[in-house]
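See structure below.
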Amino acid sequence: MSKRTLPIVEYVNWLLKKYQEIQKELQAREAYRIVSINNDGDECLIKFHIVGAGKEVTYTAHTIAADDTLLEGFSKKDIRTITFYACQDLKKPAIKITEARFSEKLKKVLFRLKKKNSEEILEKSAAELSSNPETISSMSPHDAHSVGYAYGTEHVVTENEEKRKLKEMQEESKK
0 MSKRTLPIVE YVNWLLKKYQ EIQKELQARE AYRIVSINND GDECLIKFHI VGAGKEVTYT
60 AHTIAADDTL LEGFSKKDIR TITFYACQDL KKPAIKITEA RFSEKLKKVL FRLKKKNSEE
120 ILEKSAAELS SNPETISSMS PHDAHSVGYA YGTEHVVTEN EEKRKLKEMQ EESKK
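Under numbering that gives the first Met the number 0, the sequence shown has 66 at position 67, and the numbering climbs by one with no breaks.
And the structure:
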């Protein structure tokens, strides 16, 4: 090779290396950017912008965290944020008490329950709920306490009524 072609070959090699570096940098850029996070409802909703498409899409944090290919398009800080909110969603109770009311007819407290990710509403008494440990463990501590308190109160009232009836029967038998 002549002395003249050597610098040209070195220059072409340098250009190829720079081109490869620029390609890697472009590929490393995020495909998605978080726009907003709404954590008010049952699940955390994350709205993100699709870079280059000009679209904004909303998914739950859990859905994004479960999809590896989607998650890879976010920056490291966004991935940390998404993972945090997805874990927070997992900690939320699966069953929530929406209403508690006293039934005069049954003389019991009836609870209306809503399951997470469902519009189905169940109505059960404190005794029914207390007999199912899985249901109690899937509630928040506050809701579980409310069920236990209502169940205990119902038992005290029932015991007092039975004691009163036994006393009346005992007094009648003495006469």
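We put the CB at the ideal spot given by N, CA and C, even for glycine.
Residues near residue i by beta carbon distance below 8 Å, same chain, minus five either side
i   : result
I78 : L70
I49 : A30, Y31, E55 and V56
Separation of residue j from residue i, as counted between CA atoms
i    : j    : result
K162 : E122 : 30 Å
A60  : T157 : 47 Å
I36  : K107 : 41 Å
Q19  : T82  : 32 Å
N159 : E153 : 10 Å
I21  : L14  : 11 Å
E42  : P132 : 24 Å
I63  : D142 : 30 Å
I7   : K17  : 15 Å
M138 : K104 : 27 Å
F47  : A126 : 45 Å
S124 : R100 : 10 Å
Y148 : K91  : 22 Å
G40  : N116 : 10 Å
Bridge partners - residue i, DSSP secondary structure assignment
i    : result
S172 : Answer is none; S172 lacks a bridge partner.
F73  : Looking at the DSSP assignment, F73 forms no beta bridge with any residue, so it has no partner.
T57  : K46
E122 : R111
R100 : L109
Chain-order list of residues whose beta-carbon lies under 7 Å from that of residue i (same chain, five-residue window excluded)
i    : result
A52  : none
K134 : Per the sequence shown, residue 134 should be read as Thr rather than Lys. Cβ within range, chain order: I94 and L128.
F177 : It is not possible to answer for residue 177, since the shown part of the chain is limited to 0 through 174.
Residue i - containing alpha helix (DSSP H), residue span
i    : result
S129 : A125 to S129
A211 : Residue 211 falls outside the range modelled here, since the chain spans only 0 to 174, and no answer is possible.
S136 : P132 to S136
Host beta strand (DSSP E) of residue i (start-end)
i    : result
K114 : K107 to K114
Nonlocal neighbours in the same chain, by C-beta distance under 6 Å from residue i, ignoring five residues either side
i    : result
S102 : L109
R111 : T97, E98, I120 and E122
**Asked** At which residue ranges does the region 9 to 41 contain complete beta strand (DSSP E) runs of 3 or more residues, listed in the order of the chain?
**Response** 31 to 37
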